[in-house]
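Peer 1: In the UniProt record's numbering, the protein residues as written are 1 to 950.
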DNA sequence: TGCGCCACCTA
DNA sequence: GTAGGTGGCGCAC
C-alpha cells in the first residue's frame, strides 16, 4: 500500500513552513495559548471515510471509486478550516509486520483484506496528502498508533495535541495536553474527547484504559481478553481495585466466576497488555518541524481533484489552503452540468431551470391541454392537495408533464377552475388503459382521485418504486432522487408553505408559485423516469420485478387501503373494562409489594424498585440502566412474585394501549373503518410494511390477543372473513434455494418439518417434544442466518453445544450448508444478494473490518433471499388474485396482507369460489416466482371474525 | 415538540 | 440470529 520503505519520515516536498514558524511557546507562559498539533490516524480515517460513503457509491464517470478519497479529503479540510492547525501530520502503519505480530502470531489475523474499491483509492489518498503539503509519517515495524502515541507524548508539553481518529483504543493516550477528535455521526463533525468523556463512555479514566482493554481484549485485532468479562464487569472491577495488578492481588475477594476466568487469563495477561498498549516511547528522530505542513502543490492538487471529479472538495480548497486553482484548470461550474451525478456534493441546478411551466387557470387553456393529453400515450401526473390524509384530501390542482422540460398545472383555487367539473372532464383520460401514467408514489394520487370518482390507471411507472427496486435501502423521495440522479435542487414543500405554526394552507399559496412547484414535481418525475428506466433496463430482472410485481401492486394496495377493515367497537369496549379492572388490581399489588407507589411503565423507576429497593439480583445492563425485559423478569419471578405481576401488567398494558384503546380512535370518520397504509418502499427485503395503524402486528399468541383478533369483522354483517396463509413458506423457500434433497423430500411427503429435522439432527425415531422444540429453533435459525451465538441464546445452552447442533445440521443437510455458504461468498464478490426473481439488496458490510458488523451482514445475506422470495411470491399472488376477482366479477375484496397471510371479506355465497381461486393463485404464484421443486401449501379458513377465520 | 431508548406486538 | 411499527418515558430544545 504505502509503498515507500525509507527508514525515516518522508513528508512535504518543502519542509520550510508556509508561514513563519511559530516560536515554541515559552515555558513559563502557561497562559499563552500553545500551538495545536493535529495527528491523523491515517488508515483508520480512510476506512471510516470508505464505509461512511459506501452507500453513496461515489465514482467518476469512468467508474473509478472515489468515496474514500472524498471523505478523507473532506475531513482533512474540515480540520484545517475549523482549527487552522499550526502542526498537522498523517500517520500510517508500515506495510511490514510489526513487533506485535512477532509477539503474537494471530495479531489481526481475522482482518479481511481491504476491499478492492478501497485499495484502489489508497494511492490517490496518499497523493492528496502530499499535494496538501502535509507530512506523512510511516516507520517500518511500527503502527500508526505507536507513532502517534510517541509524538503525542513527546510534544504534549509544547502543544495542545489532538489525535484525529475513530478508534476507541486511542483513548489510552488521552492526557492533560492530549485529546481525541472523533468523527461524529454526521459527516464532518468531530467530537472532542478528553479525560472526562473517556471516563463517561467507558466507565474508566484514560489511565485505566489499558487495563480495561487488556481485560476485555480487542476482537478487531484478534486479541483475546479474560473470558466472560465484558466492558461492564471490567470497568466495575477497575473502579473497585484501581488497576489490573491490584485486581490480581485481590483475586480471592472476587466472585468465583470472575476469579476462575482471571486465573485462566493470568498466563497471557502480560502479553495481551503489551499488545494493546500503544507505545509512547519509540526512539524516532521526530521533531516538531517534521510535523509542520509545507506549501501545498496547487497544480498537483487541482489536477488530482479534477481527475477524480471531486468538485465539492476543489471548491473548498482555495479558502482553506489559501491557494487558487491554476487558471487553465479552473474548476468548472456551469460548463458541464451533466457530469456531476457521481460527485458527492454536485453543484445542483434549480429543478425548474431550463423548463417551461404553465399555470392552467382558464377554460380555454385547459381545453388545449386536454387535447394534448388525449393524444399522448404516456405522461406524468402529480396531485396537490390540502391534506396528507387521502380521505380528507381535497385537490388543489393536478400537474402533468408529457415530455421532459415542460409541465402544466391545472389549478383549482379561487382564481382557477372548478375541481369537480374539471376532474370529470379529465376522468376518461385518467382512466384510459391505453395512456400510461407515471408518478412518484402513485398510490397516493390514486387514493385522492378515488374521492373524485376517478380510478387512475394504468400505473406504467412509479419513480419511488423504481428507486426502491434499484436499491431498497437508498432514499426514494423526490427531492433526494432529483439531487442524486438529476443533479437538480428541488423546491421543497416546506419552502412553499412554511413550517410549524406559521405554515399556510395550500390555497393561500400564490397560484403562480404553487404552479411552479407542482410543475416542477411532474417535470422532475418524468425526467427521473428516464434515468431510472435506463438503470432498470441495464438489469432486466429488476425491470421485471417492477413490471410484474411492484407496479401492478400499487392499484391492489390502493384498493385495500381504500376498502379498510371494520372492527367491533363494542367488543373492544367490553375488553377495555375487563383489562382496566385487572390492571388496577395488578397495580395495587405491585405497589404494595414494592412498599411504595411508582410508575410501572417506566423501566427506570421499575429498575430502581427491583434492584435498589428490593435488592433483587441484576441480570443484564442496558445503555441507560439495568434491563427489566421479559427474560430478566422471568428469571426474577422465581425469586419474587412481583416480577410475574409486572410481566402480567406489561402484557395487559401493551395490548390495551396499542390496540384495545388505540384502534377505535383510529376509525375513520367518513367510513367507520380502519384504513392502514401499506408501505411499498420501506423494507430492505421486499416485504410490505403497514402503519397508521400497523395491522400486521395484531396480537394472536395470548388469550387477550385472540380476543383482539375477534374484534376484526366483516363490514357487512352478512359477509364472512376468509383468511388464507402459506404454510411454512420461508422454510419451503429455503429448501428450494438449497436444493437439498432430504429437505425437499420431507416437504413432498407432507411431513411435520420440525419433527423431521429433529429426527435427523438427533438421529432418532423417538422424537420428544423437547427435541422438536429445539429443531424448530434450528429451523428458524437457518432462516435468520444461523450462528452459534444466536442459537445458544434462543435455546439457553452454551455456545459450544449450539455450535455442535449447527454442525450436525449442516452435515446432514449439505445442500443447505453449501447454499448458505455460496450465497455469502457470491454476495461478498458482487456486493448484493438476490431473491429468486432477482430482487436485490446491497450488503456492503460483508467486507467490514469490524467482525460484528461483518457477521451481522452475513446473517442478512443468508436471510434476505428467503424472506425476499417469500415476499415476492405473495406480492405476485396478490396481483393475480386481484385481477381474477375482477374477471370473475366476484364481490369479495382483499382487506389485509400479513406477510404470509391474506385476509378477504366475502359474501357467504361466494365463499367456496373465493377459497378455490385464492388457493390456486397463491400456489401458482410460488412456481411463477421460481419455487418449483418444493410443494407449497395454503391453509384457508372462514369465520365471522378474524380469529375464527384464522 | 422532537428524539433516543426500552420494551413488546407481528411474520 | 431476519424483517417491521408503536407506545411510554425521560431528556434536550
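Ideal Cβ placement from N, Cα and C applies to all residues, glycine included. Treat the numbers as computed from the prediction; the structure is a model and nothing was measured.
For residue 250, is the classification buried or exposed, using 16 other Cβ atoms within 10 angstroms of its Cβ as the cut-off for buried?
Peer 2: exposed
Peer 1: Could you check what DSSP says for residue 26 in three-state terms: helix, strand or coil?
Peer 2: Reliability of the predicted coordinates at residue 26 is poor, the pLDDT of 32 falling under 50, and no value is obtained from them.
Peer 1: Mapping the DSSP letters down to three states, classify residue 61 as helix, strand or coil.
Peer 2: Correct three-state label for residue 61: coil.
Peer 1: Which residues does DSSP list as the beta-bridge partners of residue 223?
Peer 2: BP columns for residue 223 point to 218.
Peer 1: Could you tell me whether the region 288-302 touches the region 48-63, using the rule of 3 or more Cβ pairs below 8 Å?
Peer 2: no
Peer 1: When DSSP labels each residue in this structure, what does residue 834 get in the three-state scheme?
Peer 2: DSSP, reduced to helix, strand and coil, places residue 834 within a strand of the structure shown.
Peer 1: Is there contact between the region 111-121 and the region 240-256, where contact requires at least three CB pairs shorter than 8 Å?
Peer 2: no
Peer 1: Within 10 Å of its beta-carbon, does residue 467 have 16 or more other beta-carbons around it, so buried, or fewer, so exposed?
Peer 2: Counting the other Cβ atoms within 10 Å of the Cβ of residue 467 gives 16 or more, which makes it buried.
Peer 1: Short check: CB of residue 478 to CB of residue 516, under 9 Å?
Peer 2: no
Peer 1: Closest to residue 220 by CA distance: which of 422, 853, 656, 509 is it?
Peer 2: 853
Peer 1: I'd like the span of the alpha helix (DSSP H) that includes residue 495, first residue to last.
Peer 2: 493-497
Peer 1: Run through DSSP, which three-state label would residue 842 get?
Peer 2: strand
Peer 1: Tell me the DSSP secondary structure of residue 847 in three-state form.
Peer 2: helix
Peer 1: Kindly indicate which three-state DSSP category residue 948 falls into: helix, strand or coil?
Peer 2: It is helical.
Peer 1: Applying the 10 Å Cβ sphere with the 16-neighbour rule, what's the burial state of residue 441?
Peer 2: Result: buried.
Peer 1: Excluding the five sequence neighbours on either side, which residues of its own chain have a C-beta within less than 6 Å of the C-beta of residue 145, listed in chain order?
Peer 2: 278
Peer 1: Could you pull out every residue in the same chain whose Cβ sits closer than 7 Å to the Cβ of residue 361, ignoring the five residues on either side in sequence?
Peer 2: Apart from the 5 residues on each side of it in sequence, residue 361 sits with its Cβ closer than 7 Å to the Cβ of 411, 415, 416, 417, 511 in its chain, given in chain order.
Peer 1: If I follow the unbroken beta strand (DSSP E) through residue 183, where does it start and stop?
Peer 2: Run containing residue 183: 178-183, per the beta strand (DSSP E) assignment.
Peer 1: Which residues share a DSSP beta bridge with residue 162?
Peer 2: 38, 179
Peer 1: Select from 97, 678, 434, 889 the residue whose C-alpha is nearest the C-alpha of residue 379.
Peer 2: 434
Peer 1: Output the distance between the C-alpha atoms of residue 78 and residue 188, rounded to the nearest integer angstrom.
Peer 2: 6 Å
Peer 1: What are the boundary residues of the beta strand (DSSP E) that residue 895 is part of?
Peer 2: 893-897
Peer 1: Quick check on residue 437: does DSSP put it in helix, strand or coil?
Peer 2: strand
Peer 1: Below 9 Å between beta carbons: does that hold for residue 704 and residue 651?
Peer 2: yes
Peer 1: Can you tell me whether residue 723 is buried or exposed, with buried defined as 16 or more other CB within 10 angstroms of its CB?
Peer 2: Residue 723 comes out buried.
Peer 1: Can you give the Cα-Cα distance for residue 474 and residue 610, rounded to whole angstroms?
Peer 2: 44 Å
Peer 1: What residues are listed by DSSP as bridge partners for residue 110?
Peer 2: Partner(s): none; residue 110 has no beta bridge.
Peer 1: Does DSSP put residue 349 in a helix, in a strand, or in coil?
Peer 2: Residue state, collapsed to three classes: strand.
Peer 1: By Cβ distance below 7 Å, which residues in the same chain neighbour residue 961 in space, the five residues on each side in sequence not counted?
Peer 2: This structure leaves residue 961 out entirely; the chain is present only between 1 and 950.
Peer 1: So, with DSSP's three-state summary, where would you put residue 700?
Peer 2: If DSSP states are grouped into helix, strand and coil, residue 700 belongs with coil.
Peer 1: Sort 576, 57, 448, 363 by Cα distance to residue 394 and report the nearest one.
Peer 2: 448
Peer 1: Quick check on residue 639: does DSSP put it in helix, strand or coil?
Peer 2: coil
Peer 1: According to the neighbour-count rule (16 or more other Cβ atoms, all chains shown, within 10 Å of its Cβ), is residue 92 buried or exposed?
Peer 2: buried
Peer 1: With a threshold of 7 Å on Cβ separation, who are the neighbours of residue 871 within its own chain once the five nearest residues in sequence on each side are excluded?
Peer 2: 685, 686, 687
Peer 1: Let's test the definition: count the other Cβ atoms within 10 Å of the Cβ of residue 565 and tell me whether it reaches 16, buried, or not, exposed.
Peer 2: buried
Peer 1: Put residue 680 into one of helix, strand or coil per three-state DSSP.
Peer 2: In this structure, residue 680 counts as coil in the three-state DSSP scheme.
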